[in-house]
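Okay, so here's the structure we're looking at.
Numbering (the working numbering), first residue to last: 302 to 408.
Structure follows, in structure tokens:
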């Protein structure tokens, strides 16, 4: 899920999606670009991703890879996969990392 259906995902969002999909084979993956909510932040005015407006994201992911992990371990796993994006201007990542399939998907 992108910020708006009329705005195609940018290169950072595409990279996030590709890396998380390849690393975790998630049963659910939602990505939302929340950068527009943070226009006043310094990270939105300077840095590699400032011009393309891709500095702040929300990610909801559910995968079996997280099943035996604590919440902090799950967050570290996701952040580790996206290390390059953080080095290149990703400023903020709000995470909801779930074990296995989310409850509304499981049957």
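Ideal Cβ placement from N, Cα and C applies to all residues, glycine included.
Just so we're clear, the structure is a prediction, and the values are computed from it rather than from any experiment.
Looking only at its own chain, which residues have a Cβ that is under 6 angstroms from the Cβ of residue 399, when we skip the five neighbours before and after it?
363
Three-way DSSP call (helix, strand, coil) for residue 396 in this model:
strand
Does residue 387 pass the burial test, meaning 16 or more other C-beta atoms within 10 Å, or should it be called exposed?
exposed
Residues near residue 358 by beta carbon distance below 8 angstroms, same chain, minus five either side:
313, 314, 317, 332, 333, 334, 335, 336, 391, 393, 394, 395
Inspect the beta-carbon positions of residue 368 and residue 397 and report whether they are closer than 8 angstroms.
no
Look at residue 330 and residue 382 and say whether their C-beta atoms are less than 8 angstroms apart.
no
Starting from the Cα of residue 380, find the closest Cα among 365, 325, 401 and give me that residue.
325
According to the neighbour-count rule (16 or more other Cβ atoms, all chains shown, within 10 Å of its Cβ), is residue 274 buried or exposed?
Nothing about residue 274 can be reported from this structure: the residues present for the chain run from 302 to 408 only.
Taking the beta carbon of residue 375 as the centre, do at least 16 other beta carbons fall within 10 Å, making it buried, or is it exposed?
buried
State the beta-bridge partners of residue 360 as determined by DSSP.
332, 396
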